Every structure is written in structure tokens, then in C-alpha cells.
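Shown next, in C-alpha cells, is the structure this report addresses.
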Amino acid sequence: MDCPWNELSLAFSRTSMFPFFDIAHYLVSVMALKHQPGAVAVAWKNPLSSWFTAMLHCFGGGILSCVLLGEPPLRFLANSTNILLASSIWYIVFFCPRDLVSQGYSFLPVQLLAVGMKEVTRTWKIVGGVTHANSYYKNGWIVMIAIGWARGAGGSIITNFEQLVKGCWKPEADEWLKMSYPAKVTLLGSVIFTFQQTNHLAISRHNLMFLYTMFLVATKITMMLTETSVMPFAFFEDTLSWMLFGWQQLFSSCEKRSETNSFLSGTGSSTSKPIADASDKVHKKHTKKTKFT
Amino acid sequence: MDCPWNELSLAFSRTSMFPFFDIAHYLVSVMALKHQPGAVAVAWKNPLSSWFTAMLHCFGGGILSCVLLGEPPLRFLANSTNILLASSIWYIVFFCPRDLVSQGYSFLPVQLLAVGMKEVTRTWKIVGGVTHANSYYKNGWIVMIAIGWARGAGGSIITNFEQLVKGCWKPEADEWLKMSYPAKVTLLGSVIFTFQQTNHLAISRHNLMFLYTMFLVATKITMMLTETSVMPFAFFEDTLSWMLFGWQQLFSSCEKRSETNSFLSGTGSSTSKPIADASDKVHKKHTKKTKFT
Amino acid sequence: MDCPWNELSLAFSRTSMFPFFDIAHYLVSVMALKHQPGAVAVAWKNPLSSWFTAMLHCFGGGILSCVLLGEPPLRFLANSTNILLASSIWYIVFFCPRDLVSQGYSFLPVQLLAVGMKEVTRTWKIVGGVTHANSYYKNGWIVMIAIGWARGAGGSIITNFEQLVKGCWKPEADEWLKMSYPAKVTLLGSVIFTFQQTNHLAISRHNLMFLYTMFLVATKITMMLTETSVMPFAFFEDTLSWMLFGWQQLFSSCEKRSETNSFLSGTGSSTSKPIADASDKVHKKHTKKTKFT
Numbered sequence: 032m033d034c035p036w037n038e039l040s041l042a043f044s045r046t047s048m049f050p051f052f053d054i055a056h057y058l059v060s061v062m063a064l065k066h067q068p069g070a071v072a073v074a075w076k077n078p079l080s081s082w083f084t085a086m087l088h089c090f091g092g093g094i095l096s097c098v099l100l101g102e103p104p105l106r107f108l109a110n111s112t113n114i115l116l117a118s119s120i121w122y123i124v125f126f127c128p129r130d131l132v133s134q135g136y137s138f139l140p141v142q143l144l145a146v147g148m149k150e151v152t153r154t155w156k157i158v159g160g161v162t163h164a165n166s167y168y169k170n171g172w173i174v175m176i177a178i179g180w181a182r183g184a185g186g187s188i189i190t191n192f193e194q195l196v197k198g199c200w201k202p203e204a205d206e207w208l209k210m211s212y213p214a215k216v217t218l219l220g221s222v223i224f225t226f227q228q229t230n231h232l233a234i235s236r237h238n239l240m241f242l243y244t245m246f247l248v249a250t251k252i253t254m255m256l257t258e259t260s261v262m263p264f265a266f267f268e269d270t271l272s273w274m275l276f277g278w279q280q281l282f283s284s285c286e287k288r289s290e291t292n293s294f295l296s297g298t299g300s301s302t303s304k305p306i307a308d309a310s311d312k313v314h315k316k317h318t319k320k321t322k323f324t
Numbered sequence: 032m033d034c035p036w037n038e039l040s041l042a043f044s045r046t047s048m049f050p051f052f053d054i055a056h057y058l059v060s061v062m063a064l065k066h067q068p069g070a071v072a073v074a075w076k077n078p079l080s081s082w083f084t085a086m087l088h089c090f091g092g093g094i095l096s097c098v099l100l101g102e103p104p105l106r107f108l109a110n111s112t113n114i115l116l117a118s119s120i121w122y123i124v125f126f127c128p129r130d131l132v133s134q135g136y137s138f139l140p141v142q143l144l145a146v147g148m149k150e151v152t153r154t155w156k157i158v159g160g161v162t163h164a165n166s167y168y169k170n171g172w173i174v175m176i177a178i179g180w181a182r183g184a185g186g187s188i189i190t191n192f193e194q195l196v197k198g199c200w201k202p203e204a205d206e207w208l209k210m211s212y213p214a215k216v217t218l219l220g221s222v223i224f225t226f227q228q229t230n231h232l233a234i235s236r237h238n239l240m241f242l243y244t245m246f247l248v249a250t251k252i253t254m255m256l257t258e259t260s261v262m263p264f265a266f267f268e269d270t271l272s273w274m275l276f277g278w279q280q281l282f283s284s285c286e287k288r289s290e291t292n293s294f295l296s297g298t299g300s301s302t303s304k305p306i307a308d309a310s311d312k313v314h315k316k317h318t319k320k321t322k323f324t
Numbered sequence: 032m033d034c035p036w037n038e039l040s041l042a043f044s045r046t047s048m049f050p051f052f053d054i055a056h057y058l059v060s061v062m063a064l065k066h067q068p069g070a071v072a073v074a075w076k077n078p079l080s081s082w083f084t085a086m087l088h089c090f091g092g093g094i095l096s097c098v099l100l101g102e103p104p105l106r107f108l109a110n111s112t113n114i115l116l117a118s119s120i121w122y123i124v125f126f127c128p129r130d131l132v133s134q135g136y137s138f139l140p141v142q143l144l145a146v147g148m149k150e151v152t153r154t155w156k157i158v159g160g161v162t163h164a165n166s167y168y169k170n171g172w173i174v175m176i177a178i179g180w181a182r183g184a185g186g187s188i189i190t191n192f193e194q195l196v197k198g199c200w201k202p203e204a205d206e207w208l209k210m211s212y213p214a215k216v217t218l219l220g221s222v223i224f225t226f227q228q229t230n231h232l233a234i235s236r237h238n239l240m241f242l243y244t245m246f247l248v249a250t251k252i253t254m255m256l257t258e259t260s261v262m263p264f265a266f267f268e269d270t271l272s273w274m275l276f277g278w279q280q281l282f283s284s285c286e287k288r289s290e291t292n293s294f295l296s297g298t299g300s301s302t303s304k305p306i307a308d309a310s311d312k313v314h315k316k317h318t319k320k321t322k323f324t
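Protein chains in written order, with my numbering: chain B, 32 to 324; chain R, 32 to 324; chain U, 32 to 324.
Here it is, written out as C-alpha cells:
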């Protein structure tokens with residue numbers, strides 16, 4: 032006799048995303064598109080272009096996953112039911128009289144419900160991506176992590192690329208220095224589900240899906256209610272980052288301090304140089320004489 | 032006993048595009064490339080780059096269709112005969128002594144003949160794309176429309192993308208607000224042939240090919256002779272556009288007028304706001320206080 | 032009894048690139064990445080982004096070849112051993128205490144050895160690409176040349192594209208007017224090995240691999256030692272270029288001179304126009320009256 036917890040998580044893992052969770056995902060995606068500057072004007076002047084962009088927002092993760100696996104990127108168009116559902120949502124969001132849908136969406140409880148349901152679909156996408164990649168590359172764990180990540184959070188890459196081609200988006204180099212919360216939490220999920228798939232985690236898939244989904248929904252709703260951008264695992268992330276990548280900065284700053292000290296004792300003036308250039312300086316030391324201004 | 036009309040359209044549908052219609056298509060494509068600013072200089076300084084761009088102009092639709100269906104984009108290079116034919120045309124267009132080919136092409140009857148024959152190839156590409164997509168996705172009508180459209184008019188996407196990568200093209204956001212005539216007429220053809228493929232149109236394929244081709248050639252030649260950009264189906268396009276997408280603007284303008292009236296009666300001054308922001312205003316009404324300057 | 036030369040080239044062609052030649056290739060690629068402006072700062076702020084860029088530098092040619100053949104671009108991630116090897120090299124190059132690896136690499140003998148070994152891997156990639164394309168398209172010689180070229184020197188296209196998307200690279204139109212030395216020498220190798228594959232060259236593959244590799248390594252090391260950018264086959268390249276593409280410029284300059292002479296005898300003043308516009312002038316002669324300022 033299965034315990035109630037097991038039955039609950041099993042039933043949860045067998046829930047179909049169609050139609051309610053998919054509707055929530057499409058609604059949140061199209062509303063995000065609508066809030067972009069000029070999106071409404073584009074919808075009225077060229078509805079086909081607006082519809083296409085909305086489809087990229089709704090199905091971007093699956094498209095990216097197809098591109099990476101060499102499958103037809105247009106495959107999502109074969110699922111006519113979901114396409115019609117997403118198209119209907121696009122139509123009523125942009126063309127509803129008196130903008131009723133946007134007004135309804137502006138109420139916080141409605142937003143919380145829709146965003147919470149969208150986070151549930153994220154788990155399903157990650158799991159789908161990991162198992163699909165496993166069917167191609169048995170135990171190719173890096174591929175599984177990449178495809179799970181692409182399916183769960185890759186839509187923004189597709190939509191950013193479309194904006195780049197349209198000339199609406201000019202990427203700044205430092206944008207790539209920051210990963211968004213959805214990207215980080217999806218990468219974490221993809222790693223966890225890959226380890227579960229390769230039997231490195233002693234937990235069944237349906238239990239893991241339940242726990243991970245609860246984590247996603249709880250953190251997302253908390254962040255929305257408290258209007259904070261501090262991520263729940265920021266401490267672990269910083270610690271891991273320092274352990275793997277931070278200690279060389281420690282060496283470099285010690286070296287810089289000893290250089291500055293010897294310089295100070297030599298000339299009596301001080302220079303301030305950013306830590307980020309420390310390794311370049313070490314590299315150039317053997318090639319040219321350092322200039323002091 | 033078949034009627035003469037049926038025999039004519041059947042014989043027409045069995046015409047091979049190779050070599051004369053293909054030559055016309057390659058000639059028009061390469062001449063369009065040659066008229067771009069700086070194309071001749073590029074041909075003399077880096078013939079390989081110019082040749083590659085010419086191949087994208089000639090085979091761009093097929094390349095895009097392969098990309099969308101997950102097939103090798105380089106597949107067009109396997110057809111050595113067509114590649115050599117297109118390369119020869121590129122060579123004589125750019126490197127003919129005294130530029131004889133360009134001089135010959137500048138005569139209007141020659142242009143009309145070449146452009147007319149190129150329009151014939153458009154029908155063959157649309158039909159090829161629709162049937163090819165149908166072999167992948169039985170009754171996937173959205174995929175069939177998309178592939179027919181890509182094959183018939185997708186070349187410009189490939190060539191624009193190549194120019195974007197080369198830094199020669201900076202897309203403006205409003206370019207995407209206007210669809211060109213080839214794009215519109217190819218989309219119409221793709222929809223029609225898809226409905227015919229899925230047996231929703233009571234007309235045989237060869238008859239439809241004949242009628243659609245005659246329509247394409249007649250409208251294109253008329254537009255060239257009259258030097259007009261007004262499209263023949265503009266009226267139907269505007270009507271359909273207004274029916275599907277225009278009525279919300281009607282609601283919004285009524286609402287804006289009533290807002291202006293109440294404002295006028297309140298303060299005695301007037302504000303003018305564009306219709307395109309009307310829905311954004313409705314959305315923001317519940318979130319922040321509107322400022323009047 | 033095989034001659035010693037044959038045995039040597041046969042043994043050479045059976046050498047495995049893993050691990051030493053692959054290590055050299057990854058080292059040279061990652062050091063090239065490190066020398067880009069801001070690469071070290073990116074590695075410290077977003078190690079994942081830096082790692083991804085390093086993987087594109089190391090495996091870019093294979094990724095491009097997969098994209099062109101419609102295979103999964105992520106396939107390189109399935110080879111976990113090579114990925115771990117390349118990742119380790121990235122890690123120690125960017126995060127080694129006191130930047131020891133960069134200091135070691137700055138010694139010329141170390142650079143020459145690494146670069147020489149990397150050139151050996153180029154031959155293996157070209158041959159791999161040509162044979163792989165031949166398995167898809169029997170005797171599709173254009174495809175074989177293209178895939179051999181993509182595998183051997185296509186990595187820069189992938190990395191430039193990634194920089195374009197990140198906003199770090201703005202391509203200038205005239206960059207496409209110059210092909211780099213690796214691109215030219217890889218194209219030459221791809222053509223030679225394709226002719227050998229289609230039995231148009233009376234030389235065995237292992238002998239050709241040995242000769243081509245010796246040519247690559249010798250020229251590359253010579254160019255590094257003499258710090259020259261003059262390519263060894265520049266004379267043949269210029270001659271071939273003039274034979275195929277240069278004689279029309281001769282016609283155009285003769286025509287321009289005769290136009291100038293007739294103009295001089297007519298008005299007594301002179302105009303100077305670049306040769307590159309000569310063909311545009313010929314084309315426009317029939318369409319509009321030329322203005323003289």
C-alpha cells in the first residue's frame with residue numbers, strides 16, 4: 032500500500048499540462064510580449080509579425096531544443112491544437128474590446144495564479160528535455176543538461192535573437208555577465224533531473240518533480256509578493272563561485288598589494304588598478320616594461 | 032476525352048523548370064544582387080564572397096525550407112548542374128567584357144520576359160514546398176503553409192541575414208511592419224495550395240497551378256509597366272484586416288473621445304494622444320495615476 | 032616491401048589526435064580567447080559564459096559542419112572526454128594561480144610547438160569533413176569541399192557569430208573582402224583532399240596527409256618566426272585571380288581611358304572616377320544622362 036505522499040506526487044506527475052497550465056503559460060508569455068515598448072502598435076500595423084513573435088514567446092524553448100538536436104524547428108507548428116490555443120490567447124490579449132484581458136491580468140491574485148501555473152510547466156519541460164536527450168545520447172549527461180535547460184528557459188534566447196534580427200534589440204556585452212533567475216533555476220533543475228535520470232540520485236522521478244515544482248512556485252510567488260530580486264540560493268551560488276573561481280582573485284590581489292607596497296616604498300605615490308586587470312598585468316610582465324603615470 | 036483547357040494546364044504543370052525558367056530566375060536574382068551598392072566592388076576584391084552571396088540569392092528559399100525542416104542546408108550544393116548554371120550566370124553578369132549582360136538586361140522587354148519566367152518558378156517552388164512538408168507532416172496544414180511560403184519567398188530572409196552578419200544591413204523596426212508584394216502573394220499561394228492538398232478546394236492541382244501562375248505573371252508585369260506599387264488584392268487585404276483586427280481600434284477611439292470630452296468639460300484644455308497608446312493607457316489606469324501636462 | 036617513406040606517412044596518418052594534439056589545439060584556442068579584450072573580466076564575473084565561449088573556440092568547426100549537414104549541433108557535447116579535457120584547459124588557463132599557464136605560453140618555443148601541433152589537427156579535420164560529407168553525398172564534390180573547409184577553419188564563423196549576438200563585435204563590410212590565411216590554406220586543403228577522394232589525384236590519402244601537414248606546419252612556423260603576413264602561395268593566388276576575374280578590369284580601364292580622352296579633347300578639364308564604378312557607369316549609360324561637376 033503506497034503512502035499518501037507517494038500517491039500524491041505520482042498523481043501530480045501524471046497531470047496533463049493541456050489545457051489549463053498551457054493556457055497560463057501562453058497568457059504569461061503573451062502579456063510579457065505586450066508589455067514591451069511598441070508591441071501594441073506592431074500588432075495593429077502588422078498582425079502577422081506580432082503573431083509570429085507571440086508564437087516564439089510561447090514555444091521558444093521547444094524551438095531552441097529542436098535546433099540543438101538537429102530536429103525540424105517548425106515541428107511545433109504540427110501541433111495544431113496548441114497553436115490554435117496560443118493564437119486565440121494572443122488575439123484576445125491584443126484585440127479584446129476595452130482591453131479586458133489586460134485589465135483582468137493586472138489584478139495581483141490573477142498574476143500569481145498564472146505565474147504559479149507557468150512555473151509548473153517549467154518542470155514538465157525540463158523533464159521532457161532530459162528524457163528526450165537521453166533517447167538520443169544514452170548517458171550523455173552534458174547533452175541532457177543542455178537540452179533540459181534549453182527547453183525550460185531557452186525561449187528568451189530565441190526571442191532575443193528575433194529582436195536582434197528586427198533591429199529592436201542591441202545586446203550589451205555586460206548583459207551576458209548576469210544570468211536571470213529563470214535561467215539559473217532551470218539550470219539547477221536540469222542538473223538535478225539529469226542526475227536522477229542517470230541513477231545518481233536515490234529519488235524517484237515523480238517525487239523529484241513534485242518537490243522541485245513546489246520549490247519553483249513557492250520562490251517565484253515569494254519574490255513577486257516581496258518584490259525582491261534576491262534569489263533563494265544566492266548564498267550557495269556565491270560560495271560555490273568563490274570556491275571554484277574566486278581564489279585566483281585572492282592570489283592576484285595579494286600580488287597587487289605587494290606590488291603597490293614595493294612601489295609606495297619606492298616613489299611615495301599610489302596607483303589604483305582594478306583587480307580584473309591583474310592577470311593581464313601578470314601576463315604582460317615578461318613582454319614589456321610597465322609604465323607608471 | 033479531356034477538354035483542351037485541361038490538357039493545356041496538365042502540360043503546363045509538367046513543364047520542367049530546367050533550364051530556361053531556372054536561368055531566368057538566376058538572372059533576375061543575380062541582377063538584383065548587382066544593383067546593390069558596392070556589389071561590383073566586392074565581386075572584384077573578393078569573388079568568392081560575391082559568388083556565395085549570389086548562391087544565397089538564387090537558392091535562398093530552398094535553404095530556408097531545409098533549415099525549417101531540419102534538413103541539411105547545404106543540400107542545394109549537391110545539385111552540381113544547377114550550381115554550375117547559377118555560377119556561370121553570376122560570372123557572366125559580373126565579369127562580362129563591356130558589361131554586355133547588364134546592358135542587355137536594361138531593355139524592358141528582356142526584363143519583362145525574365146521576371147515573368149521567374150514568377151513561373153515561384154509557383155513550382157510553392158507547390159514543391161507544400162507537397163514536401165505534407166510528406167513529413169500529414170495534414171499539418173500550418174507547416175505546409177509555412178514551408179510553401181519559405182520556398183517561394185524566403186530567400187530574402189536568408190540574404191538579409193547574410194547582410195546583417197556582414198554588417199551591411201541595419202534592420203529598422205518598422206521594416207517588419209510592412210510585408211513586400213512577393214511575400215504577400217506567396218503567402219496567398221501557399222494557403223491556396225495547402226487547402227488544395229488537404230482536399231478543401233474542389234480544383235485539381237494542375238488547373239490551380241495554371242491559374243495562379245497566370246495571376247502572378249499578369250499582376251507582376253502590369254505593376255512593372257505601370258510602375259505602381261498598389262497591389263491587386265489591397266482592397267480585400269484591407270477589408271480582412273479591418274474585420275479581424277480593426278474593430279478594437281474603433282472601441283479605443285470611442286473611448287479616447289469620451290475621455291477627451293470628459294477632460295475638456297473638466298479643465299478646458301485638450302490633449303492629443305496617439306491611438307496606438309490607447310490600450311496601454313487602459314492597462315495602466317489601475318496601476319498608477321495618470322499625469323496631465 | 033613498403034618503402035620507408037610509405038611506412039612513415041602511413042604511420043603518421045594513423046596517429047590519434049587524442050590527447051596531445053587535441054590538448055595543443057585547445058590550448059591555442061583558449062589562449063586566443065584569453066587575449067581578447069575583456070575576456071578575463073568575463074571569466075571572473077560569469078564563468079559559465081566564458082566556458083561556453085571557450086567551447087565554441089575549441090569545437091566551432093565541428094559545430095558549423097553539423098549545422099550545415101543538418102546534424103545536431105550539440106553532438107560535440109556527447110564526447111564527454113574531450114569536453115572535460117577542453118574544460119580543464121580553460122580552467123587552468125583562466126584560473127591558474129599567478130597565471131602560470133599564460134606565462135609558460137609566452138615563451139616562443141612553447142608557442143611554436145603548440146601552434147605546430149594545432150596545424151596537424153587541421154589536416155585531420157579537413158580529411159574527416161571530406162569523408163563524412165562523401166558518406167552523405169556520393170561524389171557531391173562541392174559539398175565535400177564546403178564541409179572540409181567548415182571543419183578545418185569554420186570555427187571563426189561560429190565565434191564571430193556568438194560575439195555578434197553578444198554585441199561585442201560589429202562586422203565591417205570590408206572584413207569580408209579579405210580572407211584570412213587559415214581560411215585560404217584550409218580551402219586549398221579541402222579542394223585537394225576532395226579531388227583525392229574522387230580519385231582525380233593519383234596519390235594515396237596518407238601520403239597527401241603527410242605532405243599537406245608538413246606544408247602547413249612549415250609555413251605557419253616560418254610566418255611566426257619571420258613575423259610576416261605574406262602568404263607562400265600569394266603569387267599563384269594573384270595570378271589565378273587575375274586570369275579569372277582581372278581581365279574585365281582591363282577592358283573597363285581601357286574604356287575609361289578612351290572616355291577620358293574624348294572628354295579631355297571635348298572640354299579641356301578632367302574627371303577622376305574609381306575603376307570600381309566603371310561597370311556601374313556602363314550600366315547607367317542607357318538609363319540616365321551623366322552629370323559632370
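Positions of the beta carbon are idealized from the N, C-alpha and C atoms, including for glycine. From a predicted model like this one, the values you see are computed outputs, not experimental measurements.
### Message
List, in chain order, every chain R residue whose beta-carbon is nearer than 9 Å to that of PRO50 (chain B).
### Response
Here the premise fails: no neighbours, minimum Cβ distance about 19 Å.
### Query
Does any C-beta atom of chain R lie closer than 8 Å to the C-beta of ILE114 (chain B)?
Taking Cβ atoms only, chain R reaches closer than 8 Å to ILE114 (chain B), which makes this a yes.
### Message
Is it the case that the region 89–106 of chain U contacts the region 103–111 of chain R, given that we only count it when at least three CB pairs across the two stretches are under 8 Å?
### Response
Yes, the region 103–111 of chain R touches the region 89–106 of chain U.
### Query
VAL174 (chain R) versus chain B: which residues are under 7 Å apart at the beta carbon?
Taking the beta carbon of VAL174 (chain R) as reference, the chain B residues within 7 Å of it are LEU105, LEU108, ALA109, listed in sequence order.
### Task
Count the other CB atoms, across all protein chains shown, that sit within 10 Å of the CB of ILE234 (chain R); report buried if there are 16 or more and exposed otherwise.
If you draw a 10 Å sphere on the C-beta of ILE234 (chain R), you find fewer than 16 other C-beta atoms in it, and that means exposed.
### Message
Can you tell me whether GLY183 (chain B) is buried or exposed? The criterion is at least 16 other CB atoms within 10 Å of its CB, across all chains shown.
### Response
Looking at its Cβ environment, which holds 16 or more other Cβ atoms inside 10 Å, GLY183 (chain B) is buried.
### Query
Name the chain D residues whose beta carbon is nearer than 8 Å to that of ALA177 (chain B)?
In the displayed structure, chain D is absent; the protein chains listed are B, R and U.
### Query
What are the complete alpha helix (DSSP H) segments, minimum 4 residues, inside the region 103–151 of chain R?
Entirely contained in the region 103–151 of chain R, the alpha helix (DSSP H) runs reaching 4 residues are, in chain order, 111–126, 131–136.
### Whole-angstrom distance between MET62 (chain U) and ILE144 (chain B), CA atom to CA atom
Strictly speaking, residue 144 (chain B) in this sequence is Leu, with Ile absent from that position. A direct Cα-Cα distance of roughly 49 Å separates LEU144 (chain B) from MET62 (chain U).
### Query
Does the beta carbon of PRO213 (chain U) come closer than 8 Å to any beta carbon on chain R?
Taking Cβ atoms only, chain R never reaches closer than 8 Å to PRO213 (chain U), which makes this a no.
### Query
Alpha carbon to alpha carbon, how far is ALA5 (chain R) from THR190 (chain R)?
Nothing about residue 5 (chain R) can be read from this structure; chain R reaches only from 32 to 324.
### Task
Determine the DSSP secondary structure at SER60 (chain B), reduced to helix, strand or coil.
SER60 (chain B): helix per DSSP, three-state reduction.
### Message
When you compare the CB of LEU232 (chain B) with every CB in chain U, is at least one pair closer than 8 Å?
### Response
It does not; no Cβ of chain U falls within 8 Å.
### Task
Pull up the distance between the alpha-carbon of SER166 (chain B) and that of ILE178 (chain B), whole angstroms please.
One Cα belongs to SER166 (chain B), the other to ILE178 (chain B), and the distance between them is close to 12 Å.
### Query
What in chain R is Cβ-close to LEU195 (chain U), meaning under 7 Å?
Under the 7 Å cutoff, chain R gives VAL196.
### Message
Which residues of the region 144–174 of chain R have a Cβ closer than 9 Å to any Cβ of chain B? Give them in chain order.
### Response
Per Cβ criterion, the list reads ALA164, TYR167, TYR168, ASN170, GLY171, TRP172, ILE173, VAL174.
### Task
Just the chain R side, please: which residues come within less than 9 Å of LEU219 (chain U) by C-beta, in chain order?
Ordered by position in chain R, no residue passes the 9 Å Cβ test against LEU219 (chain U), which lies about 12 Å from the chain.
### Query
With a cut-off of 8 Å, do at least 3 Cβ pairs link the region 64–83 of chain B to the region 146–160 of chain B?
When Cβ pairs closer than 8 Å are counted between the two stretches, the region 64–83 of chain B is seen not to touch the region 146–160 of chain B, the count staying below three.
### Query
DSSP state of ILE230 (chain B), grouped into three classes?
With the sequence shown as reference, residue 230 (chain B) is identified as Asn, and Ile is not the correct amino acid for it. ASN230 (chain B): coil per DSSP, three-state reduction.
### Message
Looking at chain B, is there any beta carbon in it that lies within less than 8 Å of the beta carbon of PHE276 (chain R)?
### Response
Taking Cβ atoms only, chain B reaches closer than 8 Å to PHE276 (chain R), which makes this a yes.
#### Entry: Residues of the region 79–104 of chain U with Cβ closer than 8 Å to any Cβ of chain B, in chain order
Those residues of the region 79–104 of chain U that come within reach of chain B (Cβ to Cβ, closer than 8 Å) are LEU79, SER80, CYS97, GLY101, GLU102, PRO103, PRO104.
### Query
With 16 other CB atoms within 10 Å as the buried threshold, where does ASN230 (chain U) fall?
Exposed is the call here.
### Query
What residues from chain U crowd round PHE192 (chain B), counting only those whose CB sits closer than 9 Å?
The contacting residues are VAL196.
### Message
Check whether chain U comes within 8 Å of MET32 (chain B), counting only Cβ atoms and requiring the distance to be less than that.
### Response
Unreliable placement is indicated for MET32 (chain B), whose pLDDT of 49 sits below 50; no coordinate value is reported for it.
### Task
Would you grab the beta carbon distance between VAL146 (chain B) and VAL222 (chain B) for me? Rounded to a whole angstrom, and I think it's under 8 Å.
The pair is not a contact, with the Cβ atoms about 23 Å apart (cut-off 8 Å).
### Message
Please tell me whether GLY185 (chain B) and LEU95 (chain B) are closer than 8 Å, where the distance is taken between their beta carbons.
### Response
Taking 8 Å as the Cβ cut-off, GLY185 (chain B) and LEU95 (chain B) qualify as a contacting pair.
### Query
What is the residue span of the alpha helix (DSSP H) that HIS237 (chain U) lies within?
Here the alpha helix (DSSP H) through HIS237 (chain U) covers 236–257.
### Task
At 4 residues or longer, and completely inside the region 152–200 of chain B: list those alpha helix (DSSP H) runs for me, N to C.
For the region 152–200 of chain B, whole alpha helix (DSSP H) runs of length 4 or above, ordered along the chain, are 172–184, 186–197.
### Query
How is PRO35 (chain U) classed by DSSP in three states: helix, strand or coil?
Residue state, collapsed to three classes: helix.
### Query
Taking all protein chains shown into account, do 16 or more other C-beta atoms lie within 10 angstroms of the C-beta of VAL151 (chain R), making it buried, or fewer, making it exposed?
Buried is the call here.
### Query
First and last residue of the alpha helix (DSSP H) that includes HIS88 (chain R)?
From DSSP, the alpha helix (DSSP H) with HIS88 (chain R) extends over 78–99.
### Task
Tell me whether PHE43 (chain B) sits in a helix, a strand or coil according to DSSP, three-state version.
The DSSP-derived three-state label of PHE43 (chain B) is helix.
### Message
Helix, strand or coil for MET274 (chain R)? Go by DSSP, reduced to three states.
### Response
In the three-state reduction of the DSSP assignment, MET274 (chain R) falls in the helix class.
### Query
Does the beta-carbon distance from SER137 (chain U) to VAL124 (chain U) come in below 8 Å?
For the 8 Å CB-CB criterion, SER137 (chain U) and VAL124 (chain U) do not form a contact.
### Message
My output table needs one value for PHE49 (chain R): the three-state DSSP class, helix, strand or coil.
### Response
Coil, per DSSP.
### Query
Looking only at its own chain, which residues have a Cβ that is under 6 Å from the Cβ of LYS149 (chain B), when we skip the five neighbours before and after it?
In chain order, ALA55, HIS56, VAL59 place their CB closer than 6 Å to the CB of LYS149 (chain B), counting only its own chain and leaving out the 5 sequence neighbours on each side.
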